[in-house]
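Enquirer: Have a look at this one.
Numbering (my numbering), first residue to last: 2 to 292.
The structure is reproduced here in structure tokens:
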């Protein structure tokens, strides 16, 4: 169980502000300061750097934050497992992004579920940013995500590597001849919401070419892959998606891949869990089975 001063430390890490942490914990600001000073004395090192009212973690503070988050999440998992033991059942809770959950993992997941008839499964959908927050708070055991994230806080395994392509309706007529990525900026772009891994990949690729999503003539922002695919079928614009999400439509000729001379992208679907978790061996085993 985490010491109450460690809980205070994690709250300060979350808000990077003593006053906001005090309000969240229903403590006074001097009490928060005392808790942090106690930990700094205990570990013999500063945990925060205070410059011009801005708070940042020291390298030692980063180490402590990572360790305490793992301890907190493991404690939450242990509490959950202890309750489950009263019902003689195991519950596995994990998260997947929309693309992965609906297009990339179903056959393997079906086999995994059938192989564990004594286990209940809670599968949570969300974009990459949302799933990382679930891991941070300890409400899921692991996740399979796309996009970019800070790997320092997690143990990672590459689940699958997928092609990421430009796609349009078979009937689509382009505003101008298409040879490279910049030629597509005259088109209406169908794109996922901020926080989505699918969008983050596109943003990163565009940035490398000194471009952005805002360079496209019009944008339709959609929080659902199925809706984007449906809008593509109705010729409402072009999009950039994992090929796995539109393989069926490309195969039956409803949609087509847009060939570009300067856009050949692959990206990983990554299996992740909190670094230093005492359940790491168990999650490694799940990963191997899903593979």
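Here a beta-carbon is modelled for each residue, glycine too, at the ideal position from N, C-alpha and C.
#1: Which whole-angstrom value is the C-beta distance of residue 182 and residue 269, which I expect to be below 8 Å?
#2: Between residue 206 and residue 200, which are expected to be in contact by the criterion C-beta below 8 Å, what is the C-beta distance as a whole number of angstroms?
#3: Would you kindly work out how many angstroms separate the C-alpha atoms of residue 83 and residue 122, rounded to a whole number?
#4: Could you give the first and the last residue of the continuous alpha helix (DSSP H) run that contains residue 198?
#5: Classify residue 71: buried if its beta carbon has 16 or more other beta carbons within 10 angstroms, exposed otherwise.
#6: For residue 163, which residues from the same chain have a beta carbon less than 6 Å from its beta carbon, with the 5 sequence-adjacent residues on both sides left out?
#7: At what residues does the beta strand (DSSP E) containing residue 26 begin and finish?
#8: In whole angstroms, give me the CA-to-CA distance for residue 132 and residue 161.
#9: Report yes or no: do three or more beta-carbon pairs, one from the region 144-159 and one from the region 74-81, lie closer than 8 Å?
#10: Assign residue 27 to one of two classes, buried (16 or more other C-beta atoms within 10 Å of its C-beta) or exposed (fewer than that).
#11: Just reading off the beta strand (DSSP E) that residue 267 is part of, what are its end residues?
#12: Expressed to the nearest angstrom, what Euclidean distance is found between the alpha-carbon atoms of residue 48 and residue 128?
#13: Return the chain-ordered list of same chain residues with a C-beta closer than 6 Å to the C-beta of residue 209, the five sequence neighbours on each side being excluded.
#14: Between 254, 277, 109, 287, which has its C-alpha nearest residue 73's C-alpha?
#15: Around the C-beta of residue 159, are 16 or more other C-beta atoms found within 10 angstroms, so that it is buried, or is it exposed?
#16: Beta-carbon separation of residue 1 and residue 211 under 8 Å?
#17: Do residue 180 and residue 187 have their beta-carbon atoms positioned less than 8 Å apart in this structure?
#18: Going by beta-carbon coordinates alone, are residue 272 and residue 98 separated by less than 8 Å?
#19: On a CA-only basis, which of 6, 16, 55 is nearest residue 42? Give me that one, please.
#20: Given a threshold of 16 other Cβ atoms within 10 Å of its Cβ, counted over all protein chains shown, does residue 44 qualify as buried or as exposed?
#21: Check whether the Cβ atoms of residue 152 and residue 236 sit closer than 8 Å, and answer yes or no.
#22: Once you ignore the five residues that flank residue 101 on each side, which residues in its own chain have a CB closer than 6 Å to its CB?
#23: Measuring CA to CA, which of 20, 14, 69, 106 is closest to residue 292?
#24: Check whether the Cβ of residue 105 sits closer than 7 Å to any heavy atom of the ligand COA, and report yes or no.
#25: Does the structure place the region 84-95 close enough to the region 61-68 that three or more beta carbon pairs sit under 8 Å?
Expert: By the coordinates alone:
#1: Locating residue 182 in the chain shown gives position 181, where the first residue counts as 1. Locating residue 269 in the chain shown gives position 268, where the first residue counts as 1. Not really, about 21 Å apart at Cβ, beyond 8 Å.
#2: As a first step, residue 206 must be located in the chain shown, where it is residue number 205. As a first step, residue 200 must be located in the chain shown, where it is residue number 199. Their Cβ separation, rounded to whole angstroms, is 11 Å, which puts residue 206 and residue 200 out of contact at 8 Å.
#3: By 1-based counting over the chain shown, the position of residue 83 is 82. By 1-based counting over the chain shown, the position of residue 122 is 121. Taking the straight line joining both Cα atoms gives about 16 Å.
#4: Within the chain shown, residue 198 is the residue found at index 197, counting from 1. Per DSSP, residue 198 belongs to the alpha helix (DSSP H) from 198-209.
#5: Position 70 of the chain shown holds residue 71. Classification for residue 71: buried.
#6: Start at 1 with the first residue of the chain shown, and residue 163 comes out as number 162. So the qualifying residues of the chain are 243, 245.
#7: Numbered from 1 along the chain shown, position 25 holds the residue referred to as residue 26. In this chain, residue 26 is not harboured by any beta strand (DSSP E); it is covered by the alpha helix (DSSP H) spanning 19-26.
#8: Stepping through the chain shown from its first residue, residue 132 is reached at position 131. Stepping through the chain shown from its first residue, residue 161 is reached at position 160. Roughly 18 Å separates the two Cα atoms.
#9: Too few Cβ pairs lie closer than 8 Å, so no.
#10: Working through the chain shown from its first residue, we reach residue 27 at position 26. Flag for residue 27 reads exposed.
#11: Taking the first residue of the chain shown as 1, we reach residue 267 at position 266. Note, residue 267: beta strand (DSSP E), 266-275.
#12: For the purposes of this step, residue 48 is identified with residue 47 of the chain shown, where counting begins at 1. For the purposes of this step, residue 128 is identified with residue 127 of the chain shown, where counting begins at 1. Cα to Cα, the separation comes out at about 32 Å.
#13: Translated into the one-based positions of the chain shown, residue 209 becomes position 208. Here residue 209 has no same chain residue with a Cβ atom under 6 Å from its own Cβ, once five neighbours each way along the sequence are excluded.
#14: Indexing the chain shown from 1 puts residue 73 at position 72. Residue 277 holds the alpha-carbon nearest to the alpha-carbon of residue 73 among 254, 277, 109, 287.
#15: Reading the chain shown from its first residue, position 158 is the one you call residue 159. When all chains shown are included, residue 159 counts as exposed.
#16: Since the first and last residues shown for the chain are 2 and 292, residue 1 lies out of range.
#17: For this step, residue 187 is matched to residue 186 along the chain shown. For this step, residue 180 is matched to residue 179 along the chain shown. No. Outside cutoff.
#18: As a first step, residue 272 must be located in the chain shown, where it is residue number 271. As a first step, residue 98 must be located in the chain shown, where it is residue number 97. For residue 272 and residue 98, no; Cβs fall outside 8 Å.
#19: For the purposes of this step, residue 42 is taken as residue 41 along the chain shown, with counting starting at 1. Sorting 6, 16, 55 by C-alpha distance to the C-alpha of residue 42 places 6 at the top.
#20: Residue numbering aside, residue 44 sits at position 43 when the chain shown is read from its first letter. Taking all protein chains in view, the Cβ of residue 44 is surrounded by fewer than 16 other Cβ atoms within 10 Å, so the residue is classified as exposed.
#21: Residue numbering aside, residue 152 sits at position 151 when the chain shown is read from its first letter. Residue numbering aside, residue 236 sits at position 235 when the chain shown is read from its first letter. No, Cβ-Cβ distance for residue 152 and residue 236 is not below 8 Å.
#22: If you number the chain shown from 1, residue 101 lands on position 100. The answer, listed in chain order, is 145, 270.
#23: Numbered from 1 along the chain shown, position 291 holds the residue referred to as residue 292. Here the closest residue by C-alpha is 106.
#24: Although the ligand COA was asked about, the structure shown includes no ligands whatsoever.
#25: Flag = no, the region 61-68 and the region 84-95 do not touch.
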